[in-house]
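**Student:** Counting from 1, position 108 in the sequence shown corresponds to residue 107 in numbering that gives the first Met the number 0; the numbering is continuous, with no gaps. All C-beta atoms in this analysis are idealised placements derived from N, C-alpha and C, irrespective of residue type, glycine included.
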Amino acid sequence: MKPLRLVSILFGLSFFSVIASAEGVEILSTGQLNIDLLLPIVVGIITSLLLWRFLLPSSLSNLQVAFEIDEGFYEVHRLTKTRTDALKMIRPRPVLIGVLLYLMAMAGILIIVTDVLDDSLFWNRGPTYYQPVLLMTSVLLALPIVLSPFISLYAQISRKSAADSIVTTKEWVLNVVSVVIVIAVLIA
């Protein structure tokens, strides 16, 4: 009963929120280049590189997986022990593609956040956005959104382990045709 009441209260409070308006937003074209307008891209890329090089391996180090073998008993396997092990784990091509999609999405989000914060905190100029930054953000967010389900579907269809990572041309064609058929059925 408590969660229902909390949701009801939050829903009721949402009617008192500030109504967003786009009338004060200014989008600058490519001809109005100013160096401070490129700051969100620089911050997004640098933060994503730091995330890839330091935070991701640190969070994947000492990674363990537990399998329930009996009621209340688990078998624990250690996948990685150090950051070097974590970097080796994300190095194979299929895993690296997933990691790159994740980092692209994170870069897009970081660019949006930096763009909003730099307008309101640093320059106090109101909502001003640079068109190339918006285009780059949309590409960085759209690619992972569109590609991630298909890459996951391909990985499930192919079911290749790291030991069986050599895919013949026939298997690749069959997998691609299978994914195309599934997409066509979903669209139709």
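Classify E170 as helix, strand or coil using the three-state DSSP reduction.
**Tutor:** Position 171 of the sequence shown, counting from 1, holds the residue named residue 170. Here E170 sits in helix by DSSP.
**Student:** Please determine, among F72, P131 and L55, the residue with the shortest C-alpha to C-alpha distance to V94.
**Tutor:** The count along the sequence shown starts at 1 and reaches residue 94 at position 95. Nearest of F72, P131 and L55 to V94, Cα basis: L55.
**Student:** Taking Q31 as the reference, give the member of Q130, S57 and S151 with the closest Cα.
**Tutor:** Numbered from its first residue, the sequence shown carries residue 31 at position 32. Of Q130, S57 and S151, the residue nearest in Cα terms is Q130.
**Student:** Just reading off the beta strand (DSSP E) that L50 is part of, what are its end residues?
**Tutor:** Start at 1 with the first residue of the sequence shown, and residue 50 comes out as number 51. Taken as a continuous stretch (DSSP letters only), L50 belongs to no beta strand (DSSP E), as it is neither H nor E.
**Student:** Would you mind listing the beta strand (DSSP E) stretches within the segment 62-98 that are 3+ residues and don't spill past its ends, in chain order?
**Tutor:** The DSSP assignment places complete beta strand (DSSP E) segments of no fewer than 3 residues inside the segment 62-98 at 63-69 and 72-77, in order along the chain.
**Student:** Check for me: the beta strand (DSSP E) holding L36 runs from which residue to which?
**Tutor:** Sequence index remark: in the sequence shown, residue 36 carries index 37 (1-based). Neither: L36 is in no beta strand (DSSP E) and is coded neither H nor E.
**Student:** Look up T29 in the DSSP assignment and say whether it is helix, strand or coil.
**Tutor:** For this step, residue 29 is matched to residue 30 along the sequence shown. Coil at T29, not helix or strand.
**Student:** Taking C-alpha atoms, which residue in P91, L59, M103 and F72 lies nearest to R82?
**Tutor:** As a first step, residue 82 is located in the sequence shown; it is residue number 83 there, counting from the start. For the residues P91, L59, M103 and F72, the minimum Cα distance to R82 belongs to L59.
**Student:** Starting from P2 and walking both ways along the alpha helix (DSSP H), at which residues does that stretch end?
**Tutor:** Your numbering for residue 2 matches position 3 in the sequence shown. Boundaries of the alpha helix (DSSP H) around P2: K1 to L12.
**Student:** How many Å lie between L116 and L99 at the Cα?
**Tutor:** For the purposes of this step, residue 116 is taken as residue 117 along the sequence shown, with counting starting at 1. For the purposes of this step, residue 99 is taken as residue 100 along the sequence shown, with counting starting at 1. If you take the alpha carbons of L116 and L99, they lie about 25 Å apart.
**Student:** In this structure, what does DSSP give as the bridge partners for Y128?
**Tutor:** Here residue 128 refers to the residue found at position 129 of the sequence shown. Paired residues: I26.
**Student:** Are A65 and V75 close, meaning C-beta to C-beta below 8 Å?
**Tutor:** The sequence position of residue 65 within the sequence shown is 66, counting from 1. The sequence position of residue 75 within the sequence shown is 76, counting from 1. In contact: A65 and V75 (Cβ atoms closer than 8 Å).
**Student:** How many angstroms separate the CA atom of D118 from the CA atom of P126?
**Tutor:** For the purposes of this step, residue 118 is taken as residue 119 along the sequence shown, with counting starting at 1. For the purposes of this step, residue 126 is taken as residue 127 along the sequence shown, with counting starting at 1. If I take the Cα positions, the gap works out to 6 Å.
**Student:** For I150 and I45, what's the separation of their Cα atoms in angstroms?
**Tutor:** Indexing the sequence shown from 1 puts residue 150 at position 151. Indexing the sequence shown from 1 puts residue 45 at position 46. Distance between the alpha carbons of I150 and I45 is about 26 Å.
**Student:** How would you call V132, buried or exposed, if buried means at least 16 neighbouring beta carbons within 10 angstroms?
**Tutor:** Here residue 132 refers to the residue found at position 133 when the sequence shown is read from its first residue. V132 should be labelled buried.
**Student:** Tell me which same chain residues have a C-beta within less than 8 Å of the C-beta of Y101, skipping the five on either side of it?
**Tutor:** As a position in the sequence shown, residue 101 is number 102, starting the count at 1. For Y101, where only same-chain residues beyond five positions count, the Cβ hits under 8 Å are P143.
**Student:** To which residues of the same chain is S57 closer than 7 Å at the C-beta, ignoring the five residues directly before and after it?
**Tutor:** Against the sequence shown, residue 57 aligns to sequence position 58. So the qualifying residues of the chain are R82.
**Student:** Mind checking which residues open and close the alpha helix (DSSP H) that includes L55?
**Tutor:** As a working mapping, residue 55 is identified with position 56 in the sequence shown. Unbroken alpha helix (DSSP H) run through L55: L55 to L59.
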